[in-house]
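Numbering (this note's numbering), first residue to last: 1 to 90.
(1) Would you report the Cα separation of residue 7 and residue 40, rounded to the nearest angstrom?
(2) If you count every other CB in all the chains shown that lies within 10 Å of the CB of residue 20, and 16 or more means buried, which is it?
(3) Contact check, residue 50 vs residue 25 under 8 Å by CB: the rounded distance?
(4) Looking at the secondary structure, which residues open and close the alpha helix (DSSP H) in which residue 68 lies?
(5) At which residue ranges does the stretch 7 to 80 contain complete beta strand (DSSP E) runs of 3 or more residues, listed in the order of the chain?
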C-alpha cells in the first residue's frame with residue numbers, strides 16, 4: 001500500500017495505491033493515483049480506474065500510459081514533476 005503526501009512551497013504531491021485480486025474490471029490488480037498539484041490545481045496525474053487502462057493527465061489533457069510496474073510509474077511521475085518544476089512551465 002502507498003499513502004504519502006508531500007507539501008513544499010505552493011506544491012503538493014500525493015501518492016496512493018493498493019493491490020487486490022485481478023479481475024476483468026482491473027487486469028493489473030492495482031489501483032493507483034499519483035497527483036502533482038500547484039496552487040490547488042492538478043497539473044499532473046498518473047492513475048488508473050475501473051474499466052480504464054493506466055493513463056496520465058497533463059493539465060487538462062489525458063494520455064495513455066504504458067504501465068510496466070509500480071516502481072517505474074513512480075519514477076516516471078517524479079521525472080515529470082522534476083521537469084515541470086525546473087522548467088517552471090506550469
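Every residue gets a Cβ at the ideal spot worked out from N, C-alpha and C, and that includes glycine.
To lay it out plainly:
(1) Separation of residue 7 and residue 40 (C-alpha to C-alpha, rounded to the nearest whole angstrom) is 12 Å.
(2) Counting of Cβ neighbours within 10 angstroms places residue 20 among the exposed residues, the total staying below 16.
(3) Correct: roughly 5 Å between the Cβ atoms.
(4) Residue 68 -> no alpha helix (DSSP H), and no H or E assigned at all.
(5) Qualifying beta strand (DSSP E) stretches, in chain order: 11 to 19, 30 to 38, 41 to 49, 52 to 58, 61 to 64.
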